[in-house]
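Following: one structure in structure tokens, then a few remarks.
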Amino acid sequence: MAAQNTTPGQTPHGPHHSDATERDAASVVRHEERLVIHREQEQTGRARLRKYVVSEPVRQEVTVATEEPDVVRTAVTAEERQAFLDGRELAVGEDEVILYRTEPVVQTVRVPYQRVRLVARRVEHTEVVEDTLRKERVDIETQEDPRV
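At position 61 of the sequence shown the residue is numbered 52 (the numbering used here), and the sequence of numbers has no breaks.
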């Protein structure tokens, strides 16, 4: 037997059911479950920057120089020869050359050369979520009238 869809206090033949097709109609509301997926964020660990100093040996070649005395002999000039022939005394004296050498002088200086930052990089991937959902189905049941 078919049930009629009525609101409480309303008869199937009331003012809202004037149409004959509505008067003979019955209905139910079907429901079904759907997945509603939210994402939660949870802490998985920590990362920290730590700066420290290490010492490592360095080897670098440096060119150094020393000066050594060297005797260079040249012929006398015509003027010098004439002075000698004119009877001048031979000059007696000294002359000197200052000798130098270079030596490496090592000094360390601290210079900034790079900034290191720590950031969290977001990596996304897809996961499959599986669950079982329930759905309502509607079937028609008929009951035969035994009098017929």
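No residue lacks a Cβ here, since even glycine has one placed at the ideal position from N, Cα and C.
This one's a predicted model, so the numbers in the text were calculated from it and none came from an experiment.
Expressed to the nearest angstrom, what Euclidean distance is found between the alpha-carbon atoms of residue i and residue j?
i, j, result
"residue 45", "residue 39", "19 Å"
"residue 86", "residue 78", "23 Å"
"residue 4", "residue 30", "Its pLDDT being 48, under 50, residue 4 is placed unreliably in this model, and the value from its coordinates should be taken loosely. If I take the Cα positions, the gap works out to 51 Å."
"residue 51", "residue 97", "11 Å"
"residue 125", "residue 17", "24 Å"
"residue 137", "residue 15", "22 Å"
Return the chain-ordered list of same chain residues with a C-beta closer than 8 Å to the C-beta of residue i, the five sequence neighbours on each side being excluded.
i, result
"residue 129", "19 and 21"
"residue 127", "21, 22 and 23"
"residue 111", "38"
Would the C-beta of residue i count as close to the ligand SAH, meaning under 7 Å from any of its heavy atoms?
i, result
"residue 32", "This structure lacks the ligand SAH, and indeed carries no ligand of any kind."
Based on the DSSP secondary-structure assignment, which residues constitute the bridge partners of residue i?
i, result
"residue 126", "23"
"residue 57", "92"
So for residue i, helix, strand or coil by DSSP?
i, result
"residue 79", "coil"
"residue 14", "helix"
"residue 39", "coil"
"residue 141", "In the structure displayed, the chain extends from -8 to 139; residue 141 sits before or after that span and is not available."
"residue 131", "coil"
"residue 50", "coil"
"residue 72", "helix"
"residue -7", "Below a pLDDT of 50, predicted positions are generally treated as unreliable, and residue -7, at 45, falls in that range; the measurement from the model is reported next regardless. Looking at residue -7 - three-state DSSP - the assignment turns out to be coil, as it is neither helix nor strand."
Within the same chain, show all residues whose beta-carbon is closer than 6 Å to that of residue i, passing over the 5 residues directly before and after it, in chain order.
i, result
"residue 92", "57"
"residue 64", "none"
"residue 48", "none"
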